[in-house]
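Participant: Each protein sequence line maps, in turn, to chains A and B.
Here the first sequence is numbered in our numbering, starting from 1 and rising by one per residue.
Here the second sequence is numbered in our numbering, starting from 544 and rising by one per residue.
Each residue gets a CB set at the ideal place from its N, CA and C atoms; glycine is no exception.
Sending over a structure as structure tokens; questions will come in a sec.
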Amino acid sequence: MITSHRTRTLLAGSVLISMALGGCAAASPQDTESTGEPQSQAGGSLTYAITAVPCLDAHYGGNHQVQSLARNYVDSLLDYDPDSHEFIPWLASSYEVNSDSTLFTFTIREDVTFSDGTELTAEVVKLNLDTLVRLGQEGHSDRGYQALSNYVSTTVVDEDSIEVAFSRPSATFLLGLTLPATGILGESTLAKTYEERCSATEVVATGPFVISDYEPQVKVALSKRDGYAWASPLSENQGEAHLDELTFQLIPEVSVATGSLRSGQIEGLQGGVSDTAQQLAGGGFWNTSVQAAGIQHVLNVNPNAGVLGDRAVRQAINRALDREEISAVPGDEFAPPATSVISEANPGWTDLSELLAYDADEAAKLLEGAGWLLNNDTGYRERGGERLSIRLGHQKGLFAVRDATIAVIQDQLERVGFAVTIEELDAAAASEVLKTRDFDLFYFSTTAADADVLRRAYSTSGSNRLGLAEDDPLVAVLDQQAVSSDVNERDELLAEAQRTLIEEGYVLPVLQIVNADFFASTVHDVFFQTEQRISFQAAWLEH
Amino acid sequence: MVIGAYTVAFGILYALPSDPAALLAARNDTAEEAVIEALKQQYGLDRPLWIQYLDGLWGFVTLDFGRSWSTGEEVTTALANAAGSTLLLSLFALLVAVLTANVLAFLATYPRWRVVRSLAASVPPVLFSTPVFWLGFIAIQVFSFSLGLVPAFGNEGWRSLVLPVVVLGVYISAPIAQVLIRSVEQIEEEYWREILVSRGIGRFELYLRHVLPNASLPAITMTGTLFAGIVSGAVIIEVVFSRSGLGRLTEAAVAAQDVPVVLALVSSSAALYVAINLAVDLFFPMIDPRLRARRTVAARVAVEEAP
Numbered sequence: 001m002i003t004s005h006r007t008r009t010l011l012a013g014s015v016l017i018s019m020a021l022g023g024c025a026a027a028s029p030q031d032t033e034s035t036g037e038p039q040s041q042a043g044g045s046l047t048y049a050i051t052a053v054p055c056l057d058a059h060y061g062g063n064h065q066v067q068s069l070a071r072n073y074v075d076s077l078l079d080y081d082p083d084s085h086e087f088i089p090w091l092a093s094s095y096e097v098n099s100d101s102t103l104f105t106f107t108i109r110e111d112v113t114f115s116d117g118t119e120l121t122a123e124v125v126k127l128n129l130d131t132l133v134r135l136g137q138e139g140h141s142d143r144g145y146q147a148l149s150n151y152v153s154t155t156v157v158d159e160d161s162i163e164v165a166f167s168r169p170s171a172t173f174l175l176g177l178t179l180p181a182t183g184i185l186g187e188s189t190l191a192k193t194y195e196e197r198c199s200a201t202e203v204v205a206t207g208p209f210v211i212s213d214y215e216p217q218v219k220v221a222l223s224k225r226d227g228y229a230w231a232s233p234l235s236e237n238q239g240e241a242h243l244d245e246l247t248f249q250l251i252p253e254v255s256v257a258t259g260s261l262r263s264g265q266i267e268g269l270q271g272g273v274s275d276t277a278q279q280l281a282g283g284g285f286w287n288t289s290v291q292a293a294g295i296q297h298v299l300n301v302n303p304n305a306g307v308l309g310d311r312a313v314r315q316a317i318n319r320a321l322d323r324e325e326i327s328a329v330p331g332d333e334f335a336p337p338a339t340s341v342i343s344e345a346n347p348g349w350t351d352l353s354e355l356l357a358y359d360a361d362e363a364a365k366l367l368e369g370a371g372w373l374l375n376n377d378t379g380y381r382e383r384g385g386e387r388l389s390i391r392l393g394h395q396k397g398l399f400a401v402r403d404a405t406i407a408v409i410q411d412q413l414e415r416v417g418f419a420v421t422i423e424e425l426d427a428a429a430a431s432e433v434l435k436t437r438d439f440d441l442f443y444f445s446t447t448a449a450d451a452d453v454l455r456r457a458y459s460t461s462g463s464n465r466l467g468l469a470e471d472d473p474l475v476a477v478l479d480q481q482a483v484s485s486d487v488n489e490r491d492e493l494l495a496e497a498q499r500t501l502i503e504e505g506y507v508l509p510v511l512q513i514v515n516a517d518f519f520a521s522t523v524h525d526v527f528f529q530t531e532q533r534i535s536f537q538a539a540w541l542e543h
Numbered sequence: 544m545v546i547g548a549y550t551v552a553f554g555i556l557y558a559l560p561s562d563p564a565a566l567l568a569a570r571n572d573t574a575e576e577a578v579i580e581a582l583k584q585q586y587g588l589d590r591p592l593w594i595q596y597l598d599g600l601w602g603f604v605t606l607d608f609g610r611s612w613s614t615g616e617e618v619t620t621a622l623a624n625a626a627g628s629t630l631l632l633s634l635f636a637l638l639v640a641v642l643t644a645n646v647l648a649f650l651a652t653y654p655r656w657r658v659v660r661s662l663a664a665s666v667p668p669v670l671f672s673t674p675v676f677w678l679g680f681i682a683i684q685v686f687s688f689s690l691g692l693v694p695a696f697g698n699e700g701w702r703s704l705v706l707p708v709v710v711l712g713v714y715i716s717a718p719i720a721q722v723l724i725r726s727v728e729q730i731e732e733e734y735w736r737e738i739l740v741s742r743g744i745g746r747f748e749l750y751l752r753h754v755l756p757n758a759s760l761p762a763i764t765m766t767g768t769l770f771a772g773i774v775s776g777a778v779i780i781e782v783v784f785s786r787s788g789l790g791r792l793t794e795a796a797v798a799a800q801d802v803p804v805v806l807a808l809v810s811s812s813a814a815l816y817v818a819i820n821l822a823v824d825l826f827f828p829m830i831d832p833r834l835r836a837r838r839t840v841a842a843r844v845a846v847e848e849a850p
């Protein structure tokens, strides 16, 4: 069943914050009739439901739950302001970059202490970067390690400053430094093995909260760090956290989390779906709807697979997709049609919506031009007795991909004469299929703050998901942007890469990835930092 | 049997075409060959398969399963922690199940009103064909979300245990009750019952002292083999009620392709299954004097035949 109503409009006092990549967008229930900003209140404990947390360590990797948790106990050297597109010093008090982006100098704030009382020094920051690279080489860190590609070394210049050297220009380092995945941990935590760090509760960091209790599969409890005075300049609260206690409750069933929120047993939940919205409608709850950075919900098109070798056929698929209709599928209401391969939240994004317009007639024309003629008996197109068949693969349960979404895509392609077989794969099979490129279309998505994710996914220097040739001009563009030291030049390269991916019909954007969190009306001023990692540093509860 | 279970699990996990190390790396979003090689080395995946097999088997014998690939925890510790929570849930659930089954069996065979009997007799089949997660969700909806009597999630305090125990207990009571009802009905037709009735024994006393103990033998065998059902029920119940335990551990380990944890879980479930069946067999003579007697007779025969 396809309906076009948007559930979010049912929500009393729902707040939409689009593309809040960085920290300045604090989200609260509506302040429509209220006069001025409500006064923040100190104290109280807030319980926020997430599905699972495999590891407590900030440097662990791209897992959204782990990183969201980590954002609340770890601080970063820099923060990113999505409005001004500037990097804001955080634990660093200032930074400098040389002309070819190979040498970065940071001055470290002097008044910062770790939760075990030790001081933040240039030495500890160096230790963090060195350990991250080692963890990455051993396979236990991805985000942090990626930010440090071509890392050579860190030199401690004096007590409060360091120099970080790279062997090639690094266009991705500064944004990478704003992630929890590169957050600064204390010496005693860094001294532990990866395994110990994953399950250890005595995590030492500088953040606004400190982990106080961890029950595997049940909850992670954090308490306020007394004397915290080094919040990101982008936060509305420059002092200690308002909340005394913050609990990440692990609730795997979203319907249970929803009911718990409605019955007042928790105050917020991560990643709600449309059922959540319907259940909470009219109950004084509000939701954030934040577009996630990274490769959006897209179809990877394998240009080396049979009929898809023809660009006209790939473009026909692009034109046959009615993204508005897909977006209206119940459960997808929070995700508007994609505007490019990557997200508005990625620096370097370019709006390519005009290439993504639905035009079934154009699709039919393209296919006829390529010799695929409609067989009126079967409803499918054929050429020389061969049927226009393609496989549509997706990984079960990943990125909240719903069967309904896949079915609608299948239906849209069949309407213009494709015969589409859906292949639902488990994680192991999906990884194998992607590696061997044994797919025609594959529903794909991956979150990342930096647009370099395009290179990592599609270039020959990355995973080469499409099987591009070494000498493909697109590969050169993808590789060049990663070492471009000029922001404008890099943005142009990224724009060219996005355009080529779509025009060639290699990657067809479908929907935006949107994170919808739901909160009780008593919760105010939660905000999202780079990669949509939630921060409760400024959050407060109305008692 | 335990070694067999281990071997099959090992075969499935390691002999499948996909490479466990590549899966690990995929989780970390990295595809670099050097990283995959490093992971293989750390987890000993670069060694010949038979060495890995024997190593794992030795680990099982020494109760050292290594560390989880996903959470970094000692597998033995994680297993022990989770087992405690699941054991508590299962034992209480079993208690509830036995009680419920007895009440149902009593209601289905004892009352003189036919309507009551057939109504009670129809409960087990209905329960048996109801998915346990559905029962769980309904129970949460009513008792937690609407009435607010108990929390909907977590492990804190006895109040969080009530709903999972009752739901799981009622659910697994169905097959026990069914067997119990059947055997009570069979006994109704046995000759010794007539003898007792002719001696003037009360109806209730007859049921409690003679019919029920005789009827409970097959039900107890059943309860032993039900263990597998209890554990798989507990898996679902733990997910529904967000409780820690073997169920959640299994769910997480399978989702994360956490090979050491899955191997340990499979082998120890097999071991537990064997242990429970043994316990049930040993438990039999305690309630059935005939089994005790037979053994003594057999022993005496053996002694007499000895030269």
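Does DSSP put Cys24 (chain A) in a helix, a strand or coil?
Facilitator: Here the question's residue 24 (chain A) lines up with position 24 in the first sequence. Legend: pLDDT at Cys24 (chain A) = 41, less than 50; position of this residue unreliable, value from coordinates given subsequently. Coil.
Participant: Determine the direct distance from the alpha carbon of Gly691 (chain B) to that of His543 (chain A), and round the result to whole angstroms.
Facilitator: On the first sequence, position 543 is the one that residue 543 (chain A) refers to. On the second sequence, position 148 is the one that residue 691 (chain B) refers to. Near 20 Å, if we compare the C-alpha coordinates of Gly691 (chain B) and His543 (chain A).
Participant: Against chain B, with Cβ distances strictly below 7 Å, would Ser263 (chain A) count as a contact?
Facilitator: Within the first sequence, numbered from 1, the residue matching residue 263 (chain A) stands at position 263. Answer yes: the Cβ-Cβ gap between Ser263 (chain A) and chain B drops below 7 Å somewhere.
Participant: Of all Cβ atoms in chain B, is any one closer than 7 Å to the Cβ of Gln217 (chain A)?
Facilitator: Translated into positions along the first sequence, residue 217 (chain A) becomes position 217. It does; some Cβ of chain B falls within 7 Å.
Participant: For the alpha helix (DSSP H) that Arg391 (chain A) lies in, which residues bound it at each end?
Facilitator: One-based indexing of the first sequence puts residue 391 (chain A) at position 391. Not the alpha helix (DSSP H): Arg391 (chain A) falls in the beta strand (DSSP E), residues 389-395.
Participant: Run down chain B in chain order and give the residues with a C-beta less than 9 Å from the C-beta of Ile251 (chain A).
Facilitator: Here residue 251 (chain A) corresponds to residue number 251 of the first sequence, with the count starting at 1. Here the neighbours are Ala695, Phe696, Gly697, Ser785.
Participant: Please check if any C-beta of chain A sits within less than 7 Å of the C-beta of Ser613 (chain B).
Facilitator: For the purposes of this step, residue 613 (chain B) is taken as the residue at position 70 of the second sequence. Ser613 (chain B) counts as touching chain A.
Participant: Does Ile744 (chain B) come out as helix, strand or coil in the three-state DSSP assignment?
Facilitator: In the second sequence, the residue the question calls residue 744 (chain B) occupies position 201. Three-state DSSP puts Ile744 (chain B) in coil, outside helix and strand.
Participant: List, in chain order, every chain B residue whose beta-carbon is nearer than 8 Å to that of Glu424 (chain A).
Facilitator: Residue 424 (chain A) sits at position 424 when you count from the first residue of the first sequence. Chain B residues near Glu424 (chain A): none, gap ~16 Å exceeds 8 Å.
Participant: Specify the secondary structure class of Ile342 (chain A) as computed by DSSP and reduced to three states.
Facilitator: Position 342 of the first sequence, counted from the start, is the residue given in the question as residue 342 (chain A). Coil.
Participant: So is Glu33 (chain A) buried or exposed if we call it buried at 16+ other beta carbons inside 10 Å?
Facilitator: Here the question's residue 33 (chain A) lines up with position 33 in the first sequence. Any reading at Glu33 (chain A) must be qualified, since the residue scores a pLDDT of 42, below 50, and its modelled position is unreliable; no value is offered.
Participant: Run down chain A in chain order and give the residues with a C-beta less than 9 Å from the C-beta of Ala581 (chain B).
Facilitator: Taking the second sequence and counting its residues from 1, one reaches residue 581 (chain B) at position 38. Per Cβ cutoff of 9 Å: Gln137, Glu138, Gly139.
Participant: Identify the continuous beta strand (DSSP E) that holds Ile534 (chain A) and give its terminal residues.
Facilitator: What you label residue 534 (chain A) is simply residue 534 of the first sequence in a count that begins at 1. Counting along the chain, the beta strand (DSSP E) containing Ile534 (chain A) begins and ends at 533-535.
Participant: Who are the near neighbours of Leu749 (chain B) in its chain, counting only those whose CB is closer than 8 Å to its CB and skipping five residues on each side?
Facilitator: Counting from one through the second sequence, the residue named residue 749 (chain B) turns up at place 206. Here the set comprises Arg736, Leu739, Val740.
Participant: Excluding the five sequence neighbours on either side, which residues of its own chain have a C-beta within less than 6 Å of the C-beta of Ala717 (chain B), listed in chain order?
Facilitator: As a position in the second sequence, residue 717 (chain B) is number 174, starting the count at 1. Within the same chain, Ala717 (chain B) has close Cβ partners Pro667, Leu670, Phe671.
Participant: Could you round the C-beta distance between Leu366 (chain A) and Ala312 (chain A) to whole angstroms and report it? I think they count as a contact, below 8 Å.
Facilitator: Within the first sequence, residue 366 (chain A) is the residue found at index 366, counting from 1. Within the first sequence, residue 312 (chain A) is the residue found at index 312, counting from 1. Sure, about 5 Å apart at Cβ, within 8 Å.
Participant: Excluding the five sequence neighbours on either side, which residues of its own chain have a C-beta within less than 7 Å of the C-beta of Ile819 (chain B), listed in chain order?
Facilitator: As a working note, residue 819 (chain B) is residue 276 in the second sequence. Contacts found: Gly767, Phe770.
Participant: Could you list the residues in the region 47-74 of chain A with a C-beta less than 7 Å from some C-beta on chain B, going in chain order?
Facilitator: For the region 47-74 of chain A, which is checked against every Cβ of chain B, the residues closer than 7 Å are Ala52, Pro54, Cys55, Gly61, Gly62.
Participant: For Val74 (chain A), which residues from the same chain have a beta carbon less than 6 Å from its beta carbon, with the 5 sequence-adjacent residues on both sides left out?
Facilitator: Indexing the first sequence from 1 puts residue 74 (chain A) at position 74. Correct list, in chain order: Ala58, Pro180, Gly183, Ala205, Gly207.
Participant: Within its chain, find whatever has a CB closer than 6 Å to the CB of Asp450 (chain A); leave out the 5 residues flanking it on each side and keep chain order.
Facilitator: In the first sequence, counting from the first residue as 1, residue 450 (chain A) sits at position 450. These residues qualify, in order along the chain: Thr172, Leu175.
Participant: Classify Thr276 (chain A) as buried or exposed, calling it buried when 16 or more other Cβ atoms lie within 10 Å of its own Cβ.
Facilitator: One-based indexing of the first sequence puts residue 276 (chain A) at position 276. Answer is buried; the Cβ neighbour count reaches 16.
Participant: Counting Cβ pairs closer than 8 Å, one from the region 435-455 of chain A and one from the region 286-299 of chain A, do we hit at least three?
Facilitator: Touching, yes.
Participant: Starting from the Cα of Leu468 (chain A), find the closest Cα among A:Thr500, A:Glu187, A:His64, A:Arg383 and give me that residue.
Facilitator: Working through the first sequence from its first residue, we reach residue 468 (chain A) at position 468. Per the Cα distances, A:Thr500.
Participant: Please name the residues in the region 620-654 of chain B whose beta-carbon is closer than 8 Å to at least one beta-carbon of chain A, in chain order.
Facilitator: Within the region 620-654 of chain B, the residues whose Cβ lies closer than 8 Å to some Cβ of chain A are Ala621, Asn624, Ala625, listed in chain order.
Participant: Closest by CA to Ser84 (chain A), which one among A:Phe166, A:Gly186, A:Pro347?
Facilitator: Taking the first sequence and counting its residues from 1, the one referred to as residue 84 (chain A) is at position 84. Among A:Phe166, A:Gly186, A:Pro347, the Cα nearest to that of Ser84 (chain A) is on A:Pro347.
Participant: With 16 as the cutoff for other CB atoms within 10 Å, does Ser68 (chain A) come out buried or exposed?
Facilitator: As a position in the first sequence, residue 68 (chain A) is number 68, starting the count at 1. Classification for Ser68 (chain A): buried.
Participant: Would you say Arg590 (chain B) faces chain A, with C-beta separation under 7 Å as the test?
Facilitator: Position 47 of the second sequence, counted from the first residue, corresponds to residue 590 (chain B). Chain A, which has no Cβ nearer than 7 Å to the Cβ of Arg590 (chain B), makes this no.
Participant: Are Val164 (chain A) and Thr154 (chain A) touching if we call contact CB-CB under 7 Å?
Facilitator: By 1-based counting over the first sequence, the position of residue 164 (chain A) is 164. By 1-based counting over the first sequence, the position of residue 154 (chain A) is 154. Going by C-beta atoms, Val164 (chain A) is nearer than 7 Å to Thr154 (chain A).
Participant: Closest to Gly239 (chain A) by CA distance: which of A:Glu245, A:Thr247, A:Lys219, A:Gly227 is it?
Facilitator: Along the first sequence, read from residue 1 onward, the residue named residue 239 (chain A) stands at position 239. Here the closest residue by C-alpha is A:Gly227.
Participant: Could you please give the first and the last residue of the uninterrupted alpha helix (DSSP H) stretch that includes Phe680 (chain B)?
Facilitator: Reading the second sequence from its first residue, position 137 is the one you call residue 680 (chain B). Run containing Phe680 (chain B): 675-682, per the alpha helix (DSSP H) assignment.
Participant: Counting pairs of Cβ atoms below 8 Å between the region 690-710 of chain B and the region 789-806 of chain B, do you hit three or more?
Facilitator: With the cut-off at 8 Å, the region 690-710 of chain B and the region 789-806 of chain B do not touch.
Participant: Please check the pair Leu392 (chain A) and Arg381 (chain A), which I expect to be a contact at CB under 8 Å, by giving their CB distance rounded to whole angstroms.
Facilitator: Here the question's residue 392 (chain A) lines up with position 392 in the first sequence. Here the question's residue 381 (chain A) lines up with position 381 in the first sequence. The Cβ separation is near 16 Å, so there is no contact.
Participant: Spell out a yes or no on whether the region 246-259 of chain A and the region 693-713 of chain B are touching, meaning 3 or more CB-CB pairs, one atom from each, closer than 8 Å.
Facilitator: Short answer: they touch.
Participant: Step through the CB atoms of chain A and report whether any lies within less than 7 Å of the CB of Val782 (chain B).
Facilitator: Translated into positions along the second sequence, residue 782 (chain B) becomes position 239. Yes, because at least one Cβ of chain A sits closer than 7 Å to the Cβ of Val782 (chain B).
Participant: Please decide whether Tyr688 (chain B) counts as near chain A, where near means a Cβ-Cβ distance under 7 Å.
Facilitator: Position 145 of the second sequence, counted from the first residue, corresponds to residue 688 (chain B). Here the sequence assigns Phe to residue 688 (chain B), which means Tyr is not the residue at that position. Yes, contact with chain A.
Participant: At a Cβ threshold of 7 Å, is Gly259 (chain A) touching chain B?
Facilitator: Position 259 of the first sequence, counted from the first residue, corresponds to residue 259 (chain A). Yes, its Cβ sits closer than 7 Å to a Cβ of chain B.
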